[in-house]
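In this note's numbering, the protein residues as written are 5 to 597.
Positions of the beta carbon are idealized from the N, C-alpha and C atoms, including for glycine.
Below you'll find the structure, written out as structure tokens, and then a few comments.
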């Protein structure tokens, strides 16, 4: 992502057009490092979001912003309400070509005199800040992050201090015509590669834009400075000037770049990005809209990771314990399967009881069950011959019973382990909080996590079943979690539909809706590819995928969600990848099933 000088410049132009002469109606601070200004214009109202987040600092006009505000407003929020709420925005400026925006707000003080305050927004990574400054005295009134001398000896941000802009960078201002000789001289002084020289020597240019300049100049971004020709320097300067001439003429191209193979928004920009020509570009109506879509997706992913982390840890621990239990039970079963040996020894002792005397420690007898081979049987000295025989029969009966019970326990525990592995995979595949909530509710009902408030039982899935279209236009449906897998297989599937699942590997149920028509081999391959992609073997090669008609798929009585048995299947081997999955068209649904 690139919240660079170009994005800031485009955004300032947008804010200036929409916000100047508008009133700051309300001020909120929903996060410790984020504020929301509700702004009332003559014809339209706006939400201006400003975040000084260390990882995702940003400023934009929001359309989809929904966050709850704390009951008690933080101190910085109260300061903003005191000084700029009900004020009028008179200007929005970019300081130089830096990543700093200054919003001027006129309001009336206690003496009813008009006063101007500046709201500085510094988009500077972990040093990002929002600072309120009095224009007349140039004194800091407060900031969303206070920076004492213990944090920075160079620049303290504290109430009462004089506000100073961050130290300026000795770089070329791209809003002025780039001088080829100046750029060449600076580049040769810094050495290295041309890509780094571009963003290292020109103000407001990010690595993203530096790469774009190289692409447009048809130049390897890693070409060494000393190998650059005069014509190549000329081409670089031409492309930079071209980009910034468009910017100066307010010819912006807000867009976001989507990598469909990963279902991920990878970038946003105010200019066209030819470096991502292999990915999907979505043109946006404004730079604010591009920023909002990018960060909403990014924030969602981060929140999902945070919320799913403890759940994954909990389930992984339970899975580890049950696998340990299975390992222990299988060792016990191996011992229990020796039961027949004890029965034979008991019968031999009974048959030869006349040869045994109390006090013997062992006896060698001919085993008439095994070609009269000699076998040595241990005895207890304190037991009678009959009691020694009974001891072996008791051991036989105990192990025989254990054999039966352990076989059942191991079968049940293996089913539970399979269920937990499928659940972990479902958590990994979650794309929104509704899907994660659905999994949590299922785990509560199954008794795996503590129930604070039992959700109402609802057989209708709360998320839309994921759908694709085969190359021949046939619907392919994919379950994202255990509940959806059950719903897909047991409710949506017709008997003649083709059902897919990775062989002996946790994964999604996949359905190829046949609707009575002949299915092509290519469609079977596509459905199998999706089954492998949405499985634990996503990163593997030659993944075995079983498929059969749905009529051959059954759910045993009492089986856990998502678990089924099937027969009369065929197996196909596929190698899933982002590229192969991207070839299968996703079907956009309007609502739930």
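Indicate the three-state DSSP secondary structure (helix, strand or coil) for residue 112 in the structure shown.
The answer is strand: DSSP assigns residue 112 an E or B state.
To the nearest angstrom, report how far apart residue 291 and residue 11 are at their CA atoms.
The straight-line gap from Cα to Cα measures roughly 7 Å.
Figure out for me which residue from 422, 353 and 373 has the closest Cα to the Cα of residue 390.
If we check each option's Cα against that of residue 390, 353 comes out closest.
By how many angstroms is the C-alpha of residue 439 removed from the C-alpha of residue 516?
So the two alpha carbons sit approximately 23 Å from each other.
Going along the chain, which unbroken runs of the alpha helix (DSSP H) with 4 or more residues stay wholly within the segment 164-231?
Listed in chain order, they are 184-194, 198-205 and 211-220.
Say the cut is 7 Å; is the CB of residue 561 nearer than that to a heavy atom of the ligand GTP?
Of ligands this structure carries none, so the ligand GTP is not represented either.
What residues in its chain sit with their C-beta under 8 Å from that of residue 278, if we drop five residues either side in the sequence?
Around residue 278: 216, 219 and 220.
The alpha helix (DSSP H) spanning residue 74 covers which residue range?
Where residue 74 is concerned, there is no enclosing alpha helix (DSSP H), given that its DSSP letter is neither H nor E.
Excluding the 5 residues preceding and the 5 following residue 176 in the sequence, name in chain order all residues of the same chain whose CB lies nearer than 8 Å to its CB.
The residues are 182, 183, 186, 187, 190, 205, 206 and 207.
How would you write the range of the alpha helix (DSSP H) that residue 604 sits in, first residue to last?
Any answer about residue 604 is impossible in this case: the structure gives the chain only from 5 up to 597.
Thinking residue 259 and residue 273 are a contact (beta carbons under 8 Å), I'd like their distance in whole angstroms, please.
Yes, residue 259 and residue 273 are in contact; Cβ-Cβ is about 6 Å, under 8 Å.
If you draw a straight line from the alpha carbon of residue 107 to that of residue 124, how long is it in whole angstroms?
Going by the C-alpha atoms only, they are around 6 Å apart.
Which residue or residues does DSSP assign as beta-bridge partners of residue 548?
According to DSSP, which records beta bridges pairwise, residue 548 is partnered with 577.
Quick check: the segment 77-84 against the segment 17-33, are there 3 or more CB pairs under 8 Å?
Cβ pair count under 8 Å is three or more, so yes.
Just how far apart, CA to CA, sit residue 363 and residue 355?
When rounded, the distance between both Cα atoms is 19 Å.
Verify whether the separation of the beta carbon atoms of residue 512 and residue 532 is less than 8 Å.
Going by C-beta atoms, residue 512 is not nearer than 8 Å to residue 532.
So residue 364 is in the alpha helix (DSSP H); what residue range does that whole segment cover?
Taken as a continuous stretch (DSSP letters only), residue 364 belongs to no alpha helix (DSSP H), as it is neither H nor E.
Residue 348 lies in the alpha helix (DSSP H); which residues open and close that run?
Its alpha helix (DSSP H) spans residues 343-355.
So residue 94 is in the beta strand (DSSP E); what residue range does that whole segment cover?
Element bounds for residue 94: 92-98.
Tell me which residue opens and which closes the alpha helix (DSSP H) that residue 78 is part of.
That residue, residue 78, is in no alpha helix (DSSP H); it is neither H nor E in DSSP.
Give the straight-line distance between the Cα atoms of residue 227 and residue 282, rounded to the nearest whole angstrom.
Rounded to the nearest angstrom, the two C-alpha atoms are 23 Å apart.
Here's a check: name, in chain order, each residue in its chain whose Cβ is nearer than 6 Å to the Cβ of residue 590, leaving out the five neighbours to either side.
472, listed in sequence order.
Enumerate in chain order the residues of its own chain whose CB-to-CB distance from residue 69 is below 8 Å, with the five nearest sequence positions on each side excluded.
So the list reads 40, 51, 53 and 296, once near-sequence residues are dropped.
Rounded to a whole number of angstroms, what is the C-alpha to C-alpha distance between residue 213 and residue 494?
Approximately 52 Å, taken between the alpha carbons.
Mind checking which residues open and close the beta strand (DSSP E) that includes residue 66?
Taken as a continuous stretch (DSSP letters only), the beta strand (DSSP E) holding residue 66 covers 62-66.
Give me the residue from 451, 102 and 17 with the minimum Cα distance to residue 178.
The candidate whose alpha carbon is nearest that of residue 178 is 102.
May I have the straight-line CA-CA distance separating residue 86 from residue 96, to the nearest angstrom?
Near 20 Å, if we compare the C-alpha coordinates of residue 96 and residue 86.
From the DSSP output, in three-state form, read off residue 478 for me.
Of the three classes helix, strand and coil, the one that applies to residue 478 here is coil, per DSSP.
By a C-beta neighbour count over all protein chains shown, 10 Å radius and 16 as the cutoff for buried, is residue 488 buried or exposed?
Classification of residue 488: buried, given that the 10 Å Cβ count is 16 or more.
Let me check understanding here. Comparing Cα to Cα, which of 170, 143, 546 and 360 lies closest to residue 156?
When each option's Cα is compared against that of residue 156, the closest is 170.
Can you tell me whether residue 233 is buried or exposed? The criterion is at least 16 other CB atoms within 10 Å of its CB, across all chains shown.
Looking at its Cβ environment, which holds fewer than 16 other Cβ atoms inside 10 Å, residue 233 is exposed.
Counting only the same chain and skipping the five closest in sequence on each side, list residues whose C-beta sits under 8 Å from that of residue 4.
Residue 4 lies beyond the residue range present for the chain, which begins at 5 and ends at 597; the question has no answer from this structure.
Since residue 505 sits in a beta bridge, which residues does DSSP pair it with?
DSSP, once it has assigned bridges, lists 550 as partnering residue 505.
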